[in-house]
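**Q** Have a look at the structure that comes next, please.
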Amino acid sequence: MVRIKVGQFRISTKDKKHPDLDLQKMNPKHLIEIVSPFYLLILTLHITTSYLIKMKFKSSIAVTLLIISIRLASAQQSLQISNIQWPLLNYTMCTQSDVYVNIIRSCYNSTYTGATVVVSGFNITVDVNYTVVAPCNPILDFPGYQISLGLLPAGTSAVTVNANMNSVLQSTMGSSLTVNVGNCCQSIADAGPNTHICDTTGFQLNGNAPPSFSTANWTVVSGSGIISNGTLHNATVSNLSYGLNRFAWSMSDSTCATSDTVNVRNLETPSTAVTEADKLSCYDSVTINANVPTVGIGTWKSYTAGVSIFQKNDPKTILTNLNSSNLLTWTITNGICPSSVDTLKIEYNEVTVAPVITANNLTLSSNTAPSYQWYKDGNPIANETSQTYQVSANGVYSVYSVFPGCTNGLFSNEITFGSVGVSEEESSALRIYPNPASEILYLEKESGLNGEITIYNPEGRQVYKSSVINETRIKIDLSSYLMPGVYSVSYRESSGKEIRKAVVCIGD
Numbered sequence: 003m004v005r006i007k008v009g010q011f012r013i014s015t016k017d018k019k020h021p022d023l024d025l026q027k028m029n030p031k032h033l034i035e036i037v038s039p040f041y042l043l044i045l046t047l048h049i050t051t052s053y054l055i056k057m058k059f060k061s062s063i064a065v066t067l068l069i070i071s072i073r074l075a076s077a078q079q080s081l082q083i084s085n086i087q088w089p090l091l092n093y094t095m096c097t098q099s100d101v102y103v104n105i106i107r108s109c110y111n112s113t114y115t116g117a118t119v120v121v122s123g124f125n126i127t128v129d130v131n132y133t134v135v136a137p138c139n140p141i142l143d144f145p146g147y148q149i150s151l152g153l154l155p156a157g158t159s160a161v162t163v164n165a166n167m168n169s170v171l172q173s174t175m176g177s178s179l180t181v182n183v184g185n186c187c188q189s190i191a192d193a194g195p196n197t198h199i200c201d202t203t204g205f206q207l208n209g210n211a212p213p214s215f216s217t218a219n220w221t222v223v224s225g226s227g228i229i230s231n232g233t234l235h236n237a238t239v240s241n242l243s244y245g246l247n248r249f250a251w252s253m254s255d256s257t258c259a260t261s262d263t264v265n266v267r268n269l270e271t272p273s274t275a276v277t278e279a280d281k282l283s284c285y286d287s288v289t290i291n292a293n294v295p296t297v298g299i300g301t302w303k304s305y306t307a308g309v310s311i312f313q314k315n316d317p318k319t320i321l322t323n324l325n326s327s328n329l330l331t332w333t334i335t336n337g338i339c340p341s342s343v344d345t346l347k348i349e350y351n352e353v354t355v356a357p358v359i360t361a362n363n364l365t366l367s368s369n370t371a372p373s374y375q376w377y378k379d380g381n382p383i384a385n386e387t388s389q390t391y392q393v394s395a396n397g398v399y400s401v402y403s404v405f406p407g408c409t410n411g412l413f414s415n416e417i418t419f420g421s422v423g424v425s426e427e428e429s430s431a432l433r434i435y436p437n438p439a440s441e442i443l444y445l446e447k448e449s450g451l452n453g454e455i456t457i458y459n460p461e462g463r464q465v466y467k468s469s470v471i472n473e474t475r476i477k478i479d480l481s482s483y484l485m486p487g488v489y490s491v492s493y494r495e496s497s498g499k500e501i502r503k504a505v506v507c508i509g510d
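According to the numbering used here, the sequence shown is numbered sequentially starting from 3.
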């Protein structure tokens, strides 16, 4: 609030930083610098008003003088920049620069609306903005503002401060600021985080925006890509190749240059997952099949409790410990790309009764079974699929029967012919089952097992050997050391005679 006393010519404000101004004691030049031109008119208005009061408005000339004084006062400058100051900062460091602007304000009802800063190289323009709704209510006020200029380039910048009322320039003042950056670099390039994209040829880069005094540019380091506008920090890239694409964001100013890289990995959509058809199994272990992915990694997953998968990432693997109903998925993934999934259902119907064969001279006969395939020495005999078979050569004979709805079957007992016309019937002597076996293999002989059991892998290397005495049945756990394949199982009695040699499929 302004208080002016006639006779004393004193202007006072509520601002503690500005004591009462004694106009009688001031040099006229200084007075004009402080209150010119608007405040002198306020003073004139006040003196005129006081004179009119004394004259008691006795003449129309006095009233006219009052009106003219009011109009003159309202038409004059309402903002004046008194000075510009710089804060006491160390301008040899990378720091935000500020400027203090002091204003002389003459309209009580004017409102400060903020400041705008434009930095263009070494030219800085600061606009201090006010608005007012006429008429102007007189006041003498001295507000001050600290305005951030942001990061400035090394060197001397020209600073221009403008005071605007209702977007109209009222006052302007210029100055300069020198920043000695030294070893500090203000143009620090940041290319943004590494990222993965899926099966696309376009991507928007995301580097940091450079300071106004810096120059910046994107370049292709490796891979491929066409950059739309290399000077934009958020430029777009087209024609990306699959795999790794690397881009560099480089930035420089008068003191330094920096660069940063970003990796954009463009992944292909994974292959479509395809499993075999749903099926039935007569055993608690079964081989499952799916396609081999050309893009991505395939993984089997069981949704049935207790079921074990031998190799989860192998398209062809073994499933054990089946339940009556089993659900699996084969999923092919490739990073962030959408995965491809196919399902496989397996029903398990346990079959435990194997066919039994007997010999009558050179004729082998099987009991009734769903199907028949005769074997000699572990190999199928071509076109021999009847219930009986006529022996014509020495060897170990058995029959294999596949049950309805099953992908696998069961082998019968074996009968060995040492010479044509002479047989050793093993059906009541030694049984080796199940065949195929998943994890457990049984050897059984009613008259007792007394001898040595040996198992050979498909390469003919011995993988198991154990002695047994007076046992009618033994159990061999194969899960810990045998891989899926066709194995040879031999039983030799304590006398040294090998009375049984069978081929057993492990895991299938």
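The beta-carbon is built from N, C-alpha and C at its ideal position, and this holds for glycine as well.
If distances are taken between C-alpha atoms only, which option among 469, 178 and 111 comes closest to residue 157?
**A** The shortest C-alpha separation from residue 157 is found at 178.
**Q** Following the continuous beta strand (DSSP E) through residue 213, name the residue where it begins and the one where it ends.
**A** Note, residue 213: premise wrong, no beta strand (DSSP E); not H, not E.
**Q** Among residues of its own chain, excluding the 5 on either side of residue 376, which ones have a beta-carbon nearer than 6 Å to its beta-carbon?
**A** Excluding sequence neighbours, residue 376 sits near 383, 386, 391 and 401.
**Q** List the DSSP bridge partners of residue 338.
**A** Answer is none; residue 338 lacks a bridge partner.
**Q** Nearest to residue 110 by CA position, among 215, 432 and 144, is which residue?
**A** Residue 110 has its Cα closest to that of 144, out of 215, 432 and 144.
**Q** Rounded to a whole number of angstroms, what is the C-alpha to C-alpha distance between residue 427 and residue 479?
**A** In this prediction, residue 427 scores a pLDDT of 47, lower than 50, which makes its location untrustworthy; the coordinate-derived value is nonetheless stated afterwards. Cα to Cα, residue 427 sits roughly 27 Å from residue 479.
**Q** Since residue 445 contacts residue 475 with CB under 8 Å, what's their CB separation in whole angstroms?
**A** Indeed, because the Cβ distance is near 7 Å, the residues count as touching under 8 Å.
**Q** Helix, strand or coil for residue 109? Go by DSSP, reduced to three states.
**A** Looking at residue 109 - three-state DSSP - the assignment turns out to be strand.
**Q** Just confirm the distance between the C-beta atoms of residue 236 and residue 206, as a whole number of angstroms; I'd bet it's less than 8 Å.
**A** About 6 Å; that satisfies the 8 Å criterion.
**Q** Assign residue 277 to buried or exposed, taking buried as 16 or more other Cβ atoms, counted over all protein chains shown, within 10 Å of its Cβ.
**A** Flag for residue 277 reads buried.
**Q** Taking residue 298 as the reference, give the member of 434, 358 and 269 with the closest Cα.
**A** Among 434, 358 and 269, the Cα nearest to that of residue 298 belongs to 269.
**Q** Roughly how many angstroms separate the alpha carbons of residue 309 and residue 273, rounded to a whole number?
**A** If you take the alpha carbons of residue 309 and residue 273, they lie about 26 Å apart.
**Q** Going by beta-carbon coordinates alone, are residue 366 and residue 394 separated by less than 9 Å?
**A** Against a cut-off of 9 Å, the Cβ pair of residue 394 and residue 366 comes out as no contact.
**Q** For residue 359 and residue 389, what's the separation of their Cα atoms in angstroms?
**A** So the alpha carbons of these two residues sit roughly 9 Å apart.
**Q** Please state whether DSSP places residue 180 in a helix, a strand or coil.
**A** Strand.
**Q** Please report the distance separating the alpha-carbon of residue 147 from that of residue 187.
**A** C-alpha separation (whole angstroms): 29 Å.
**Q** To which residues of the same chain is residue 219 closer than 7 Å at the C-beta, ignoring the five residues directly before and after it?
**A** Excluding sequence neighbours, residue 219 sits near 232, 233 and 252.
**Q** For residue 356, I'd like the list of residues in its chain whose CB is within less than 7 Å of its CB, leaving aside the five on either flank, ordered along the chain.
**A** Result list for residue 356: 412, 413, 414 and 435, in chain order.
**Q** Considering only C-alpha positions, which residue in the set 152, 138, 126 and 153 is nearest to residue 164?
**A** The shortest C-alpha separation from residue 164 is found at 126.
**Q** If the criterion is Cβ atoms closer than 9 Å, does the pair residue 311 and residue 288 meet it?
**A** Not closer than 9 Å, so no.
**Q** What is the rounded straight-line gap between the Cα of residue 248 and the Cα of residue 223?
**A** One C-alpha to the other measures close to 5 Å.
**Q** On a Cα-Cα basis, can you pick out the residue from 315, 325, 259 and 317 that is closest to residue 284?
**A** Residue 325 is the option with its Cα nearest to residue 284.
**Q** With a threshold of 6 Å on Cβ separation, who are the neighbours of residue 404 within its own chain once the five nearest residues in sequence on each side are excluded?
**A** So the qualifying residues of the chain are 373 and 411.
**Q** Taking buried to mean at least 16 other C-beta atoms within 10 Å of its own C-beta, is residue 37 buried or exposed?
**A** Reliability of the predicted coordinates at residue 37 is poor, the pLDDT of 43 falling under 50, and no value is obtained from them.
**Q** Given this structure, state the Cα-to-Cα distance separating residue 454 from residue 473, to the nearest angstrom.
**A** Approximately 12 Å between the Cα atoms of the pair.
**Q** Measuring straight from C-alpha to C-alpha, what distance separates residue 432 and residue 416?
**A** Taking the straight line joining both Cα atoms gives about 8 Å.
**Q** With which residues is residue 473 paired in a DSSP beta bridge?
**A** 451.
**Q** Have a look at the DSSP bridge pairing and note the partners of residue 349.
**A** According to DSSP, residue 349 bridges with 282 and 327.
**Q** With 16 as the cutoff for other CB atoms within 10 Å, does residue 290 come out buried or exposed?
**A** It is buried - the Cβ of residue 290 has at least 16 other Cβ atoms within 10 Å.
**Q** Using DSSP with H/G/I as helix, E/B as strand and the rest coil, what is residue 220?
**A** In this structure, residue 220 counts as strand in the three-state DSSP scheme.
**Q** Considering residue 290, what are the terminal residues of the beta strand (DSSP E) in which it resides?
**A** Segment 287-290, the beta strand (DSSP E) holding residue 290.
**Q** Taking just the CA atoms, how far does residue 228 sit from residue 208?
**A** Approximately 15 Å, taken between the alpha carbons.
**Q** Compare the C-alpha of residue 350 against each of 487, 332 and 327 and name the closest.
**A** Nearest of 487, 332 and 327 to residue 350, Cα basis: 327.
**Q** State the beta-bridge partners of residue 378 as determined by DSSP.
**A** Answer is 381 and 399.
**Q** Note down, in chain order, each residue of its chain lying with its Cβ closer than 8 Å to the Cβ of residue 242, except the 5 sequence neighbours on either side.
**A** Contacts found: 199, 202, 203, 204, 205, 225, 226, 227, 266 and 268.
**Q** Throw me the rounded Cβ distance for the residue 301 and residue 333 pair, which I believe falls under 8 Å.
**A** Right, the Cβ-Cβ distance comes to about 5 Å (below 8 Å), so this counts as a contact.
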